[in-house]
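Throughout the sequence shown, residue numbering follows mature numbering (1 follows the signal peptide of the UniProt record, and there is no 0), covering -24 to -1, 1 to 604 in sequence. Here a beta-carbon is modelled for each residue, glycine too, at the ideal position from N, C-alpha and C. These figures come from a predicted structure and were not determined experimentally.
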Amino acid sequence: MEKLGILVFMAVVIFVLSQPKCNAAETLLESDKQALLDFVNQLPHSRSLNWNVNFPVCRNWTGVSCNAEGSRVISVRLPGIGLHGPIPANTLSRLSALQILSLRSNGINGTFPLDFGDLKNLTYLYLHYNNLSGPLPLDFSVWKNLTVVNLSNNAFTGSIPRSFSSLSQLTALNLAHNSFSGEIPDLNLPNLQQLNFSDNNLVGSVPSSLQRFPKSVFVGNNESLLDYTVTSSPLVLAPRDQGSRIKNVGRISERALLAIVVGCSVVGLVGFAFLLFVCLLRRKTDDAFPGKLEKGDMSPGRTISGGEDASNKLAFFEGCNYAFDLEDLLRASAEVLGKGTFGMAYRAILEDATTVVVKRLKDVNVGKRDFEQQMEVIGSIKHENVAELRAYYYSKDEKLMVYDYYSQGSLALMLHGKRGENRTPLDWETRVKIALGAARGIARVHEENNGRLVHGNVKSSNIFLNSQQYGCVSDPGLAAIMSSVPPPIARAAGYRAPEVTDTRKATQPSDVYSFGVILLELLTAKSPIHTMNGDEIIHLVRWVHSVVREEWTAEVFDVELLKFPNIEEELVEMLQIAIACVVRIPEQRPKMSEVVKMIENVRPAEWNKASSEAKTENSTPMPSSPGT
């Protein structure tokens, strides 16, 4: 009985002690809730929010997140909801526990809110793509926890505050596309990993503390800023892993090759990456080239004859009129175009000014015979919407593919390249032609090999424009010569169908899924996956589904498309096609031949007429850059 009394007494004490704490927590949360309501009620916005005073702020309010205890608001993310006007004073600044604030891609104007100085816990600040103007606060030291700051694509003026140098936690700072002037302050921030000051009015020279960043982060300012030598580069070029011991004394080690590349980086890292590739090809090993190739060995047929070992020759496909051999290719000046899922791509300019793209494959897991058979299948595809494979090379250590070089650039560059006042928008007609051409190209690939060929690498960086400005797909069929589809590089992960992520095996339905993602790219101008420097990771397919589910369909489309009149119905039709392609269950996706018909029906008379006219022309594809 005595023990029971003690237990009851302890329970009462605990209850009494905890009660004021609960009341205090509720009071703080209620204060945060009222601050948010004041903010949204004083700032016009075109998209409705479900910020109902009767609903719990931590669980139901769009874009609002709380701490684990549910006692304070720590994150407010309201990107692209149509906010217009200046940020009301004494509203968001009352969220004293706020850590993440994202108001990007709205129409917010006015100056940088001075009362944000009350947000002592602010860690991530995203105000880019608004209309903010005027100078920044001189003292940024009040935000000691700031890790990422993105104020790009506004109209800020004045000088860049020197107080940024006091933010020891800062890892990313983006002030691009504003009107900042004056000299760049010396920001001695050892943790800074991402920087962008491009397209401002900055003058002077780049401080030594920032010369480790590439010159591209300072372009669009006074040219004096580009007069420095990059002290280091975020791109680390390592020699290719040959997977075997070096057998020849005359061959330098991979470590030595890396040292050569790094040592020559002052003349241009990108150019010497290809020299590394050349050195690897030209060394004498048991597997590589036993002798120097002689010029003029090429026959007009599919393969090159001459010499005892024909395996060390470039194999050209019938109809290719290129007049060079492997030795010419090795002597060509070159630059890296990019690193893709299946290898590195280079642009090579030969002595006679011929320009080609050389793709250096990695992780090929088949023998010579299977490799050549797959190249035969790929090289036999002759279609206006498929980039044509011109030649290939096989040895134990090197597998190369040669394509035409196309100068107009990939769809990825057109959609996600520099967007600003001087940029020509990609109009709706062009986007539909790209979509239709790419769909026809993938459908043609699916007809090869008795209807069993899979593209396996459908993404916007592998789509280019032919001479009629229709989409043209590159890089088909390479997944078949890999043991499994390799893990994608970050920017390509969003194209992968859910089943490919699990099985690492590409199929024709997974190509349809990837193409659906490309349609969403064309409609939204958003990348399949992009990380906002520590902010939310946006998966395009999930985001589109969520927006459509909330009946905010108009919010999906690229703002550049909304400038063109009388296309609303076509936009919605194309969106429905895209959603049909990206359903989770592979069997429920349409076939590519069906997708072609769907897209043709968006503008049936116009596109079918254009297609007929294009087929009657006898023209070659317009250069772009396939294979990255």
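So, helix, strand or coil for E199, using DSSP? helix
Can you list, in chain order, the residues of its chain with a C-beta nearer than 7 Å to that of P474? Leave out the 5 residues immediately preceding and following it. R560
Closest residue to L149 among V195, L101, L178 and R188 (Cα-Cα distance): L101
Is DSSP giving D14 helix, strand or coil here? helix
F533, DSSP secondary structure in three states: coil
Taking R80 as the reference, which of L103, E374, S490 and L95 has the closest Cα? L103
Distance, Cα to Cα, D94 vs I84? 20 Å
Can you find at least 3 beta carbon pairs, one from the stretch 177 to 191 and one from the stretch 154 to 164, that sit closer than 8 Å? yes
Is the distance from the Cβ of T87 to the Cβ of P62 below 9 Å? yes
Can you tell me where the alpha helix (DSSP H) holding S569 begins and where it ends? M568 to E576
So V334 packs on A324, CB below 8 Å; how close in whole Å? 5 Å
Grouping DSSP H, G and I as helix and E and B as strand, with all else coil, what is C448? strand
In angstroms with no decimal places, state the Cα-to-Cα distance between E311 and D373. 21 Å
Check whether the stretch 477 to 494 and the stretch 424 to 435 touch, using three or more Cβ-Cβ pairs below 8 Å as the test. yes
Considering only residues of the stretch 310 to 341, which uninterrupted beta strand (DSSP E) runs meet the minimum length of 3 residues and lie entirely inside it, listed in chain order? 319 to 325 and 331 to 337
C(-3) classed as buried or exposed, judged by whether at least 16 other C-beta atoms fall within 10 angstroms: Low confidence applies here, because C(-3) scores a pLDDT of 47, under 50, leaving its location unreliable; read the following figure in that light. Looking at its Cβ environment, which holds fewer than 16 other Cβ atoms inside 10 Å, C(-3) is exposed.
Report the option in N43, L77, N17 and F92 whose CA atom is closest to the CA atom of H60. N17
So, helix, strand or coil for A415, using DSSP? helix
What is the rounded straight-line gap between the Cα of N197 and the Cα of N107? 20 Å
Go ahead and label V225 buried or exposed: buried means 16 or more other beta carbons lie within 10 angstroms of its beta carbon, across all protein chains shown. With a pLDDT of only 32 at V225, under the threshold of 50, the placement of this residue in the model should not be trusted, and no figure is reported.
Whole angstroms are fine: how far does the CA of F491 sit from the CA of N126? 31 Å
What residue range does the beta strand (DSSP E) around K375 cover? K375 to D380
Could you pull the start and end residues of the beta strand (DSSP E) that A148 belongs to? A148 to N150
Whose C-alpha, out of S128, G110 and S141, is nearest the C-alpha of F116? S141
Write down the C-beta distance between F132 and S157 rounded to the nearest angstrom, noting that I regard them as a contact closer than 8 Å. Incorrect: roughly 10 Å between the Cβ atoms, too far for contact.
Beta-carbon within less than 7 Å of F347's beta-carbon, same chain only, minus the 5 sequence neighbours each way: which residues are those? V340, Y370, K375 and I457
How is the alpha helix (DSSP H) around A388 delimited, first residue to last? L387 to H392
Grab the span of the alpha helix (DSSP H) containing Y489 for me, first residue to last. Q484 to T500
Output the boundary residues of the beta strand (DSSP E) element that contains N172. Q170 to N172
What residues in its chain sit with their C-beta under 8 Å from that of A235, if we drop five residues either side in the sequence? With a pLDDT of 46 at A235, under the threshold of 50, the modelled position of this residue cannot be trusted, and the question is left open.
Candidates L496, L454, T330 and K96, of which the one nearest Y368 by Cα: L454
Buried or exposed, going by whether 16 or more other CB atoms sit within 10 Å of the CB of G413? buried
Note the first and the last residue of the continuous alpha helix (DSSP H) segment covering C557. E544 to C557
Give the straight-line distance between the Cα atoms of E526 and L302, rounded to the nearest whole angstrom. 57 Å
Between the stretch 512 to 521 and the stretch 434 to 445, can you find at least three pairs of beta-carbon atoms closer than 8 Å? no
Chain-order list of residues whose beta-carbon lies under 8 Å from that of P64 (same chain, five-residue window excluded): D14, F15, Q18 and L19
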